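These notes concern the structure reproduced below.
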Amino acid sequence: MILKEKDVSPNGVGRDGDERAFYGHKQEQDVAFQLRREFGEHKQIHVINDLRLEHRGERAQIDHLILHPYGFIVIESKSIVGEVTVNAAGEWSRSYQGNWMGIPSPIRQAELQKMVLRRLLSANVEKIISKLLGIQGGVGGRDWQVLCAVSSTAILHRDKMPKKVAVRVVKTEFLAEKVKEIVGNIAIAFIKAKPSFSKRELANIGSFLLEHTAQLSTTSGSSDSATATPEPAAPVAESASRYSASPTPDVASFETELTAQRQSLLACKQCGEANSLTGMYGQYGYYVKCGVCSTNTSMKQPCPACGWKSVRVSKDGPEYTGACRNCEHTFLVFRQE
């Protein structure tokens, strides 16, 4: 059953726009199509596409989530043209126009997305899981899996991949079979008494997540158009890694990213101060407070690659990173010294 379809192309992305964004969106559409064709009428396997999550300042965007009676499968889509290798440490590399470069591990990204999902559901377990003999059930004992669905045209060097990575990477055309393999035979699982969700609990989880992502979409739309200066809030104490899918860079963007890592784009909008800044989190997202004039400046700076103003900001340790919603370019916004 499809609980949420793939969102429409963001900001009208098409062949006339950013090519990487176009193919990234197309890959997600291809995955959504395969899942719809196989599980569109399935009563016990539910699919949510483009799921946005936030819990205690940590954000995630899951390309595709499978809900089934025995747990969850987080699927990260990755548009890759060329060859892919993964070393023993789990670090990914891909070829582009004859050049090799490292790319973020989509498996690691999916693991981080899974972590946010698990924490969010655990914090709201009383809303979705029934009590048994007066004892509140949980989601911790369920099956939690992650997969990476790569373009069917990619060349995967599976013989060089760590086994734990190879079993999680699947080409789009074989994704549905892999999902069925993970879920397994529901009748046999019932006989083996595996911990499972009831139909009502599955429905509750689906409804909760749909409502949650709808609220985030509304809030994001409001914050993107807001012009008011955010109210001060306590400094961010928890790490909020960037969990949404990173783009597959080409050579030019790869070089740009290396340069961007060496500098911060942020300065106080009032006095231009760039050193005495403190990263904060408030109603409208991440911002910095100037130690000279006490002015608040949003971290949502225009993308340095395409100039687009719709940029998603996330935090990983002392670094705040921007991800452009138009061209999917990632860049350093601010580093807390």
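Reading the sequence shown from the start, the letters are residues 15 to 351 in the working numbering. Idealized CB from N, CA, C, for every residue including glycine. As the structure is a computational prediction, the values presented were derived from the model and not from experiment.
Under the 10 Å beta carbon count, I121 is surrounded by 16 or more other beta carbons and is classified as buried. One thing to note: G286 has its Cβ no nearer than 8 Å to the Cβ of Q350. Along the region 296–333, the beta strand (DSSP E) occurs as fully enclosed runs of 3 or more residues at 299–304, 310–312 and 325–330, listed in sequence order.
By the Cβ test, the region 169–179 is in contact with the region 98–118, since at least three Cβ pairs between them sit closer than 8 Å. For Q75, the enclosing beta strand (DSSP E) has its first and last residue at E72 to H82. For the pair of segments examined, the region 110–124 was found not to touch the region 186–198: the number of CB pairs separated by less than 8 Å stays below three.
Its chain contains R50, G54 and V61 as the residues whose beta carbon lies nearer than 6 Å to that of I16, once the 5 sequence neighbours on both sides are disregarded; these appear in chain order. Taking 8 Å as the cut-off, the Cβ atoms of A74 and Q41 do not count as close. The closest CA to that of A35, considering only L65, H343 and V347, is found on H343. DSSP places M129 inside the alpha helix (DSSP H), whose first and last residues are P120 to A137. Selection E140, D44 and N218 evaluated against T167 yields D44 as nearest (Cα-Cα). Around the C-beta of F86, 16 or more other C-beta atoms lie within 10 Å, and the residue is accordingly described as buried. Where V98 is concerned, the enclosing beta strand (DSSP E) starts and stops at E97 to V100.
Taking the Cβ atoms as the reference, L135 lies roughly 5 Å from V153, within the contact range of under 8 Å.
Straight across, the Cα-Cα distance linking M115 with V184 is about 21 Å. Put simply, the backbone Cα of V325 is about 19 Å away from that of K303. With a beta-carbon spacing of about 5 Å, N63 and H78 fall inside the 8 Å limit used to define contacts. For R182, the CB contacts under 7 Å within the same chain, skipping 5 residues up- and downstream, are I121, V160, L161 and C162 in chain order. Comparing C-alpha distances from K178 to each of V197, K213 and E125 shows the shortest one belongs to E125. For the set S308, L81 and I76, the Cα lying nearest the Cα of S290 is the one of S308.
Rounded to the nearest whole angstrom, the CA to CA distance from L223 to A281 is 37 Å. Per DSSP, the beta-bridge partners of I62 are K18 and L79. Taking a C-beta distance under 8 Å as the contact criterion, K208 and V164 do not qualify as a contact pair. Closest option to I143, judged by alpha-carbon separation, among T186, T311, R214 and H82: R214. The beta-carbon separation of V347 and V327, rounded to 6 Å, stays under the 8 Å limit for a contact.
Between V197 and I59, the C-beta gap is smaller than 8 Å, which places the two residues in contact.
Using a 10 angstroms sphere on the CB of V88, the tally of other CB atoms reaches 16 or more, which defines it as buried. Taking a C-beta distance under 8 Å as the contact criterion, P83 and L170 do not qualify as a contact pair.
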